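As structure tokens, the structure follows; a few thoughts come after it.
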Ligand SMILES: Cc1ncc(COP(=O)(O)O)c(C=O)c1O
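In the working numbering, the protein residues as written are 6 to 400.
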């Protein structure tokens, strides 16, 4: 095979995509695959949604890029809608990705407060140098150290460790970053106890609280923002992934008294906000109604209960809404391969956790179909891992 000129940072499925529609991806060799993670949580309304496509095409026929020297009419609409969902006041800075949205948060923190930034083990905030510094994955960071100084990692949901740290260092804390459901870190859910303690400490010491909603936001967990399941009142919220309807768009929301943190030319982007992505965002946000998000919560419960009834029983099923992790006690590579053969595309995080992030408009029958395929694949993979174990014990 010819040498590739692409950096080998990814591990793509061995599928040549012909087209994709709704929940399904169709390959050039005529197979249909169910996409259980919707482009890593980007496609809230599945592949090729007609309303999103129409809005984008209309915009594209007018222009595709205008730069920040012009203001597209959707910018204000999308910003206002995002702020409305917080039930507070604020302003939005648009970016092109989740990492960029978090970079803007970090830059604002640096301007407003000096001191320590607290993050948690298994938080994921991006792969740029600054956002990697906040990411609680030692293996991802190691080759790139030293990263930003003054970042402290506490164990997730360890109430005692948090209390002790705050008791000793409360006055030094500039900001705390939370990811209410760990997307890449294994779908762990923040405890209510820790969320209460974070708010108590915030009231005592006045640090800034950032909710990273890049993956868990925009209806994914059965609330508009995942922090709304908890007692949290963030000062800064970051979103991306599903926002642009499939095109790159991120946003950082600065709330209440820090709304005007950036003054003229203190931050910026050539590309963001792309007007075509904004057209997608307008449709996405209009469709994320309260009723729709309530239905996401119901579908999430249905998915969870169906996964819990599977045979063989997984080690754990966790998450919120349609952001569900299934922990299995086997080689996830075998499981991914068995699923692929059964026409199901799986995403594995933390070595042995299957991350389900299906399109939010998946219907109940499709959830059944997805879990049936998963259950069958799991059985087959267990069979194969047993054969592998027997084989290796013979040699
Ligand atoms: C919670 C969270 N924050 C930030 C990011 C980084 O987003 P991006 O890959 O768009 O830079 C991700 C990406 O998976 C994420 O899940």
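Quick reminder that beta carbons are idealized off the backbone N, C-alpha and C, glycines included. Only a predicted model underlies this, so the values are computations on that prediction, with no experimental measurement involved.
Distances from the CA of residue 24 to each of 54, 112, 172, 143 were compared; the closest alpha carbon is that of 54. A direct Cα-to-Cα measurement between residue 22 and residue 154 gives close to 43 Å. In the three-state DSSP reduction, residue 250 falls in the strand class (E or B).
Burial check for residue 299: the Cβ neighbour count within 10 Å stays below 16, so the residue is exposed. Proximity to residue 214 across 250, 121, 372 peaks at 121, based on C-alpha coordinates. Residue 136 carries a helical assignment under DSSP once its states are collapsed to helix, strand and coil. Note that the C-beta distance between residue 225 and residue 46 is below 8 Å. At a Cβ-Cβ threshold of 8 Å, residue 48 and residue 191 do not count as neighbours.
Per DSSP, reduced to three states, the secondary structure at residue 232 is helical.
Look at residue 217: its beta carbon is less than 7 Å from one of the heavy atoms in ligand 1.
In this structure, ligand 1 has no non-hydrogen atom nearer than 7 Å to the beta-carbon of residue 297. In this structure, the straight-line span from the alpha carbon of residue 31 to that of residue 263 is close to 46 Å. In this structure, the C-beta of residue 238 stays at least 7 Å away from each heavy atom of ligand 1. With fewer than 16 other Cβ atoms inside 10 Å of its own Cβ, residue 15 counts as exposed. Residue pairing of residue 52 in beta bridges, as defined by DSSP: 27.
Comparing alpha carbon positions, the residue from 272, 330, 244 closest to residue 73 is 272. DSSP places residue 14 outside both helix and strand once states are collapsed to three, so it counts as coil. When DSSP states are grouped into helix, strand and coil, residue 261 belongs to the helix group. Non-local beta-carbon contacts of residue 227 in its own chain, meaning distances under 7 Å to residues more than five positions away in sequence, involve 298, 301, 302, 305, 325, 326 in chain order. Secondary-structure assignment with DSSP links residue 62 through no beta bridge to anything. For residue 129, the CB falls within less than 7 Å of some heavy atom of ligand 1.
The beta-bridge partner set that DSSP reports for residue 40 consists of 350. With a beta-carbon spacing of about 6 Å, residue 231 and residue 186 fall inside the 8 Å limit used to define contacts.
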